Amino acid sequence: MLRTRFTETVGIEHPVASAGMGGGATSGELVGAVSEAGGLGVLGASFLQPDDVADMVRRARELTSKPLGINLLLHAMEDRVEETLALEPEIFSTAWARDDQDLAAIFARAHERGCKVMHMVPVVEDAVRAADAGADVIVAQGNEGGGHIGEIASTVIVRQVVKAVSPLPVLAAGGFVDGAGLAAALALGADGVLLGTRFLATDEAPVEQAYKDAIVASDGTDTVVTTLSDSLSGRDWPGAWARLKRTRFVEQWLGREPELRRRRARLWEEVAAFQESNADDGLMWIGQSAGLIDSVEPAGDVVRRIVAEAEEVIATLGP
Ligand SMILES: Cc1cc2nc3c(=O)[nH]c(=O)nc-3n(C[C@H](O)[C@H](O)[C@H](O)COP(=O)(O)O)c2cc1C
31 MLRTRFTETV
41 GIEHPVASAG
51 MGGGATSGEL
61 VGAVSEAGGL
71 GVLGASFLQP
81 DDVADMVRRA
91 RELTSKPLGI
101 NLLLHAMEDR
111 VEETLALEPE
121 IFSTAWARDD
131 QDLAAIFARA
141 HERGCKVMHM
151 VPVVEDAVRA
161 ADAGADVIVA
171 QGNEGGGHIG
181 EIASTVIVRQ
191 VVKAVSPLPV
201 LAAGGFVDGA
211 GLAAALALGA
221 DGVLLGTRFL
231 ATDEAPVEQA
241 YKDAIVASDG
251 TDTVVTTLSD
261 SLSGRDWPGA
271 WARLKRTRFV
281 EQWLGREPEL
291 RRRRARLWEE
301 VAAFQESNAD
311 DGLMWIGQSA
321 GLIDSVEPAG
331 DVVRRIVAEA
341 EEVIATLGP
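Under the numbering used here, the first residue of the sequence shown carries the number 31, and numbering increases by one thereafter.
And the structure:
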């Protein structure tokens, strides 16, 4: 049993969280399975219809009575804070705030509802800002990760954030997939790990089979850091790059973002169609961590295996 300030603060068994991945990359099944296994399942609510989010939370609650989280990307979704909190997550998970947003006021609304706040940051300055605003858990996210990321590697940002906000619990994110990773995160002073790419390659993840296959096939060298996906979506993501699989579509448009923005509507439709059929043509947000993922597994098994492996690793390190 690995008890940390994170497991104590959140009231769960294991120091493992699944990332709240927006745009339909998580589901009630995934979140319910992770939480039921003793981790923290987090639903990504950004860019989804409110009714769909409510359905997903209902489904997760059918699968578990344990704590779960809901994530919002603050820069784009502040107007959805109240209805998200009304779904009564135990954890309100947030990330990517703009400088002009009032984090203290947003976090206070969550606290009034009895929620704990878990905020993800790519730089230490943002960790201090979130801690001052009253966050209960900080997620320090490194550049290895999938999706939107900053520029600093996990080994550096995790350590920086731990030093800056201690004794607040810190989760390490970006590049973590297994028990060795969890043990390493604990050695860096973190209180657990948050994993995105690993949980996309699970039975319960609601992404296409081609997406899961691409993660399993990856040796970690086939990703690229770019802003291409934001040029395509038209979303103004403060301070972020995005790590994507280097698909044929990405190869075709790298360095041609002005033209991409001009063709946005047509290309967005094309990408959606590719996504269904062929991993080589679509747009897939995956981390370097894909290089350590060899199979699609049930999400609950992932949680249990990470913890068992970490306990073994820690035991072999000696007294
Ligand atoms: C497909 C995808 C979507 C993501 N969406 C979000 C999101 O909506 N909100 C958020 O806070 N983080 C999001 N993330 C980032 C994760 O929270 C996490 O930091 C990252 O996946 C960790 O790196 P890993 O993929 O190596 O585990 C997303 C990541 C991926 C791969």
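Ideal Cβ placement from N, Cα and C applies to all residues, glycine included. Fair warning: this is a prediction, and the values are worked out from it, not measured in the lab.
Segments of 3+ residues assigned as beta strand (DSSP E) that fall wholly inside the segment 91 to 171: Within the segment 91 to 171, the complete beta strand (DSSP E) runs of at least 3 residues fall at 98 to 103, 121 to 125, 146 to 151 and 167 to 171.
Ser-48 - containing beta strand (DSSP E), residue span: Taking the first residue of the sequence shown as 1, we reach residue 48 at position 18. 46 to 48 is the extent of the beta strand (DSSP E) around Ser-48.
Buried or exposed (CB count within 10 angstroms, at least 16 for buried), Met-150: Sequence index remark: in the sequence shown, residue 150 carries index 120 (1-based). Around the beta-carbon of Met-150, 16 or more other beta-carbon atoms lie within 10 Å, marking it buried.
Neighbourhood of Cys-145 by C-beta distance below 7 Å, restricted to the same chain and skipping five residues each side: Locating residue 145 in the sequence shown gives position 115, where the first residue counts as 1. The beta carbon of Cys-145 is closer than 7 Å to those of Leu-115, Pro-119, Glu-120, Ile-121 and Phe-122 in its chain, skipping five residues each way along the sequence.
Simplified DSSP state of Val-207, which is helix, strand or coil: Translated into the one-based positions of the sequence shown, residue 207 becomes position 177. Three-state DSSP puts Val-207 in coil, outside helix and strand.
Pairwise C-alpha distance: Ile-187 and Val-154: To locate residue 154, count along the sequence shown from 1; it is residue 124. To locate residue 187, count along the sequence shown from 1; it is residue 157. Cα to Cα, the separation comes out at about 7 Å.
Contact set for Val-311: own chain, Cβ-Cβ below 7 Å, skip 5 residues either direction: Position 281 of the sequence shown, counting from 1, holds the residue named residue 311. It is worth fixing the name first, because residue 311 is Asp in this sequence and not Val. The beta carbon of Asp-311 lies closer than 7 Å to those of Thr-277, Arg-278, Phe-279 and Phe-304 in the same chain, with the five residues before and after it left out.
CB-CB length for Gly-222 against Leu-198, believed under 8 Å: To locate residue 222, count along the sequence shown from 1; it is residue 192. To locate residue 198, count along the sequence shown from 1; it is residue 168. Gly-222 to Leu-198, Cβ: 13 Å. No contact.
C-beta contact flag for His-44 and Leu-60 at 8 Å: The sequence position of residue 44 within the sequence shown is 14, counting from 1. The sequence position of residue 60 within the sequence shown is 30, counting from 1. No, the pair does not count as a contact, with Cβ atoms beyond the cut-off.
Outcome for Ala-165 when other beta-carbon atoms lying within 10 angstroms are tallied against a minimum of 16: As a first step, residue 165 is located in the sequence shown; it is residue number 135 there, counting from the start. Burial call: buried.
Element boundaries [beta strand (DSSP E), containing Leu-225]: The count along the sequence shown starts at 1 and reaches residue 225 at position 195. Bounds of the beta strand (DSSP E) holding Leu-225 are 223 to 225.
Touching by the beta-carbon criterion (3+ pairs, under 8 Å), the segment 234 to 243 and the segment 212 to 222: Cβ pair count under 8 Å is below three, so no.
C-beta atoms of Leu-225 and Leu-262 nearer than 8 Å: Taking the sequence shown and counting its residues from 1, one reaches residue 225 at position 195. Taking the sequence shown and counting its residues from 1, one reaches residue 262 at position 232. Going by C-beta atoms, Leu-225 is not nearer than 8 Å to Leu-262.
Contacts around Gly-176, its chain only, beta-carbon distance under 6 Å, and the 5 residues preceding and following it disregarded: Residue mapping note: residue 176 aligns to position 146 of the sequence shown, counting from 1. Same-chain partners within the cutoff: Gly-226, Thr-227, Arg-273, Trp-315, Ile-316 and Gly-317.
is_contact[Gly-209, chain C] using C-beta, thresh 8 Å: This model lacks chain C altogether; it includes just one protein chain.
Close Cβ partners of Pro-97 (< 7 Å) along its chain, the five nearest in sequence each way excluded: Working through the sequence shown from its first residue, we reach residue 97 at position 67. Within the same chain, Val-40, Gly-41, Ile-42, Ser-65, Leu-70, Glu-120 and Ile-121 come within 7 Å of Pro-97 by CB-CB distance, once the 5 residues on both sides are set aside.
Span separating the alpha-carbon of Val-167 from that of Gly-330: Position 137 of the sequence shown, counting from 1, holds the residue named residue 167. Position 300 of the sequence shown, counting from 1, holds the residue named residue 330. Taking C-alpha positions only, Val-167 is separated from Gly-330 by approximately 23 Å.
Limits of the beta strand (DSSP E) - the one that Ala-272 falls within: Within the sequence shown, residue 272 is the residue found at index 242, counting from 1. Start and end: 271 to 275.
Coil, strand or helix - Thr-185 by DSSP: Position 155 of the sequence shown holds residue 185. The answer is helix: DSSP assigns Thr-185 an H, G or I state.
Three-way DSSP call (helix, strand, coil) for Ile-323 in this model: Residue 323 sits at position 293 when you count from the first residue of the sequence shown. In the three-state reduction of the DSSP assignment, Ile-323 falls in the coil class, being assigned neither a helical nor a strand state.
Buried/exposed call for Lys-275, threshold 16 Cβ in 10 Å: Locating residue 275 in the sequence shown gives position 245, where the first residue counts as 1. With 16 or more Cβ atoms within 10 Å of its Cβ, Lys-275 is classed as buried.
Alpha helix (DSSP H) segment containing Val-254, residue limits: Position 224 of the sequence shown, counted from the start, is the residue given in the question as residue 254. Where Val-254 is concerned, there is no enclosing alpha helix (DSSP H), although the beta strand (DSSP E) it sits in stretches over 253 to 256.
For Leu-102, the nearest candidate out of Arg-89, Ala-127 and Met-86 (CA to CA): Looking up residue 102 in the sequence shown gives position 72. That would be Ala-127, whose Cα lies nearest to the Cα of Leu-102.
8 Å Cβ cutoff met for Asn-173 and Gly-204: Residue numbering aside, residue 173 sits at position 143 when the sequence shown is read from its first letter. Residue numbering aside, residue 204 sits at position 174 when the sequence shown is read from its first letter. For Asn-173 and Gly-204, yes; Cβs fall inside 8 Å.
Sequence-distant residues of the same chain with beta carbon closer than 8 Å to Gly-264, five excluded per side: Within the sequence shown, the letter at position 234 stands for residue 264. Result list for Gly-264: Arg-291 and Arg-294, in chain order.
Through-space distance from Glu-108 to Met-86, alpha-carbon basis: Taking the sequence shown and counting its residues from 1, the one referred to as residue 86 is at position 56. Taking the sequence shown and counting its residues from 1, the one referred to as residue 108 is at position 78. Taking the straight line joining both Cα atoms gives about 20 Å.
Beta-carbon gap between Val-72 and Gly-99 smaller than 8 Å: The residue given as residue 72 occupies position 42 in the sequence shown. The residue given as residue 99 occupies position 69 in the sequence shown. In this structure, Gly-99 lies closer than 8 Å to Val-72 by Cβ.
From Ala-134, Leu-230 and Gly-250, residue whose alpha carbon lies closest to that of Ala-160: Counting from 1 along the sequence shown, the entry for residue 160 is found at position 130. Of all alpha-carbon atoms in Ala-134, Leu-230 and Gly-250, the one lying nearest the alpha-carbon of Ala-160 is that of Ala-134.
Inter-residue Cα distance where the pair is Thr-253 and Asp-324: Your numbering for residue 253 matches position 223 in the sequence shown. Your numbering for residue 324 matches position 294 in the sequence shown. So the two alpha carbons sit approximately 16 Å from each other.
Between the CA atoms of Thr-232 and Ala-244 - distance to the nearest angstrom: Taking the sequence shown and counting its residues from 1, one reaches residue 244 at position 214. Taking the sequence shown and counting its residues from 1, one reaches residue 232 at position 202. The straight-line gap from Cα to Cα measures roughly 13 Å.
Same chain only: Cβ atoms within 8 Å of Leu-258, ignoring 5 sequence neighbours per side: Residue mapping note: residue 258 aligns to position 228 of the sequence shown, counting from 1. For Leu-258, same chain residues with a beta-carbon under 8 Å away, outside a window of 5 residues either side, are Ala-272, Leu-274, Val-280, Trp-283, Leu-284, Glu-287 and Leu-290 in chain order.
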